[in-house]
Amino acid sequence: MRIFISARRAHASLLILALLLVSCATVDTLDTYGISGLSPEEMRAAEFDKGLQASNREDYAVALRAWLPLAEQGDPVARYNLGTMYYEGHGVPHDYRQSALWYRLAAEQGYPNAQLISGTGTSTDEAFARITLKPLAGREGFP
1 MRIFISARRA HASLLILALL LVSCATVDTL DTYGISGLSP EEMRAAEFDK GLQASNREDY
61 AVALRAWLPL AEQGDPVARY NLGTMYYEGH GVPHDYRQSA LWYRLAAEQG YPNAQLISGT
121 GTSTDEAFAR ITLKPLAGRE GFP
């Protein structure tokens with residue numbers, strides 16, 4: 001009987017330890033084991049946000065690790081952000097060819113900022129209108 005109680009307590013202790021470890025784990029760790037409880041779309045959004053927060057802190061290595069897989073999977077905003085990183089040399093060497101590649105891929109998916117930069121999908125007049133006139137639309141006296 002005493003052995004059964006000890007085993008039961010040991011099992012309970014292990015369960016508590018496991019719960020503590022899971023509660024301290026990061027989303028990345030949980031996703032590795034498929035126990036995060038987030039949908040794939042929520043995981044992509046969390047990873048994108050992780051990159052955005054890192055970029056805002058100027059921690060471009062973390063931003064690159066977050067955005068590169070997303071860009072390779074076809075996320076147009078991640079592609080645009082990588083284009084900017086290569087253009088500015090943030091966390092990567094200045095590489096205008098890589099920058100142009102990522103901008104073009106994002107532009108081909110219809111991402112407006114990338115279209116403006118790469119010159120695809122819009123004429124100069126349309127680009128000018130989007131940048132200057134669109135913010136004025138809906139104001140009094142402006143159709």
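The sequence shown begins at 1 in the numbering used here and counts up by one.
Built from N, CA and C at the ideal position, the CB exists for glycine as well.
Residue environment: Arg-79 is assigned as buried (16 or more neighbouring CB atoms within 10 Å of its CB, all protein chains considered). Inclusion of Ala-107 and Ala-114 in the CB contact set at 7 Å is warranted, their separation being smaller than that value.
Sequence-distant partners of Ala-71 (beyond 5 residues in either direction) whose C-beta falls short of 6 Å from its own C-beta, in its chain, are Ala-78, Arg-79, Leu-82.
For Pro-40 and Leu-52, the gap between their C-alpha atoms comes out near 18 Å. Contact between Lys-50 and Ala-66 holds, with the beta-carbon distance rounding to 5 Å and staying under 8 Å. Take the alpha-carbon of Ala-63 and the one of Ala-54: they are about 5 Å apart. For Gln-73, the closest alpha carbon among the candidates Met-85, Tyr-96, Tyr-87, Trp-102 is that of Trp-102. Between the C-alpha atoms of Tyr-87 and Arg-57 there is a straight-line separation of about 18 Å.
The DSSP-derived three-state label of Leu-64 is helix.
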